[in-house]
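Undergrad:
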Amino acid sequence: DVKVTQSSRYLVKRTGEKVFLECVQDMDHENMFWYRQDPGLGLRLIYFSYDVKMKEKGDIPEGYSVSREKKERFSLILESASTNQTSMYLCASSLSGLAGGRWGNEQFFGPGTRLTVL
Amino acid sequence: KNEVEQSPQNLTAQEGEFITINCSYSVGISALHWLQQHPGGGIVSLFMLSSGKKKHGRLIATINIQEKHSSLHITASHPRDSAVYICAVRRNTGNQFYFGTGTSLTVIP
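For the protein sequence lines, the chains are A and B, in the order given. Position 13 (the first sequence) corresponds to 1 in my numbering; numbering is contiguous. Residues are numbered in my numbering as their position in the second sequence, beginning at 1, plus a constant of 258.
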């Protein structure tokens, strides 16, 4: 079974702090994603990566950065946390491949990190 | 306007009822996903569709590419089906993935 793990289930930080959210997958997936989920807005893509050291901006990259130094690990960084970044953060991974193109393949999600910024 | 619209937003059903959740989208797609999220839990992928129909147990998903519409059906619903069901599409140009806001289903014993 694919396993996607996230470093914390719950996290409380103060405004201005630097925050690291870690995601690790154990199935050698090429693609990894970071989303945030807010009530009434659904999931929104922050950043994704299709290979080591490769990244692309999603719909809402402002205030975030990412790092992918190893294939299995994708980190989301909040350089200076703000209260409007209080949210549920979800990591996902998927295989690359021809079926449906790179982004058509099934995504496997981690359990999520609920971040509160005070 | 959202690229993906789901209906209904909330749904309450009696155990055993047949349930339908609808998803309409406005962009050209290469694949559509149905996802399930239990309260406090992570998200599980139920189906990935690019045409036709798929069935897993009591769950059936259909897609009509011409009408830009998909449905998720649950037969003989059970309280353990209570969850949020999310429709997501991958656009056929570029790398965008769009998500609906979800349908919250409660099945009452």
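All residues carry an ideal CB built from backbone N, CA and C; glycine is no exception. These numbers come from a predicted model, not from an experiment.
1) Please confirm if residue 94 (chain A) has its CB atom under 7 Å from at least one CB of chain B.
2) So who's on the other strand from residue 24 (chain A), going by DSSP bridges?
3) Give a yes or no on whether the minimum CB-CB distance between residue 66 (chain A) and chain B is below 7 Å.
4) In chain order, what residues of the segment 30 to 61 of chain A put their CB closer than 9 Å to some CB of chain B?
5) Since residue 359 (chain B) meets chain A, which of its residues come closer than 7 Å, beta carbon to beta carbon?
6) Should residue 284 (chain B) be flagged as near chain A, meaning a C-beta pair shorter than 7 Å?
7) Could you give the distance in angstroms between the alpha-carbon of residue -8 (chain A) and the alpha-carbon of residue 291 (chain B)?
8) Count the CB pairs spanning the segment 16 to 28 of chain A and the segment 71 to 85 of chain A that are closer than 8 Å, and state whether there are at least three.
9) Between residue 24 (chain A) and residue 359 (chain B), what straight-line distance do the alpha-carbon atoms span, to the nearest angstrom?
10) Using 8 Å for Cβ pairs, my map puts residue 346 (chain B) next to residue 355 (chain B). What's the rounded Cβ distance?
11) DSSP three-state label for residue 104 (chain A), please.
12) Spatial neighbours of residue 1 (chain A) within its chain, please: C-beta separation below 6 Å, excluding the five flanking residues on both sides.
TA: On the basis of the coordinates in this document:
1) yes
2) A:32 and A:77
3) no
4) 30, 31, 32, 33, 36, 38, 44, 46 and 47
5) 28, 29 and 30
6) no
7) 18 Å
8) yes
9) 12 Å
10) 6 Å
11) strand
12) 7, 69 and 105
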